[in-house]
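Asker:
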Amino acid sequence: DVVEHLLQTGANVHSRDDGGLIPLHNACSFGHAEVVSLLLCSGADPNARDNWNYTPLHEAAIKGKIDVCI
Numbered sequence: 001d002v003v004e005h006l007l008q009t010g011a012n013v014h015s016r017d018d019g020g021l022i023p024l025h026n027a028c029s030f031g032h033a034e035v036v037s038l039l040l041c042s043g044a045d046p047n048a049r050d051n052w053n054y055t056p057l058h059e060a061a062i063k064g065k066i067d068v069c070i
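In UniProt numbering, the protein residues as written are 1 to 70.
Right, dumping it as structure tokens:
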């Protein structure tokens with residue numbers, strides 16, 4: 001798995017894009033529950049807020065990605 005490889009080789013789970021999103025925001029937004037789990041186990045902050053003040057959970061809820069909300 002690509003995400004596992006990136007995490008094993010030192011990818012930064014706290015890196016932000018221009019909108020202030022961390023990888024966890026994107027994984028939640030697209031409903032990738034397995035990736036969400038990997039990121040959380042690797043120390044990603046579930047309370048991180050982007051430039052619009054949204055957390056990863058907000059992203060999942062807005063997009064209807066229920067699998068990553070529970």
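Virtual Cβ for every residue (Gly too), placed ideally from N, Cα, C.
For clarity, every value in this text was computed on a predicted model and none was experimentally measured.
1. Using a Cβ-Cβ cut-off of 6 angstroms (strictly less than) and excluding sequence neighbours within five positions of Val3, which residues of its own chain qualify?
2. Using the three-state DSSP reduction, which class does Asn26 fall into: helix, strand or coil?
3. At a threshold of 6 angstroms, does Val3 count as lining the ligand PLP (C-beta to nearest heavy atom)?
4. Would you mind reading off the limits of the alpha helix (DSSP H) that contains Val68?
5. Would you kindly report the start and end of the unbroken alpha helix (DSSP H) that includes Val35?
Answerer: So, from the listed chains and residues:
1. Translated into positions along the sequence shown, residue 3 becomes position 3. Its chain contains Val35, Leu38 as the residues whose beta carbon lies nearer than 6 angstroms to that of Val3, once the 5 sequence neighbours on both sides are disregarded; these appear in chain order.
2. Taking the first residue of the sequence shown as position 1, residue 26 is located at position 26. Helix at Asn26.
3. With respect to the ligand PLP, the structure offers nothing, as it holds no ligand at all.
4. Counting from 1 along the sequence shown, the entry for residue 68 is found at position 68. Per DSSP, Val68 belongs to no alpha helix (DSSP H) and is neither H nor E.
5. As a first step, residue 35 is located in the sequence shown; it is residue number 35 there, counting from the start. Segment 33–41, the alpha helix (DSSP H) holding Val35.
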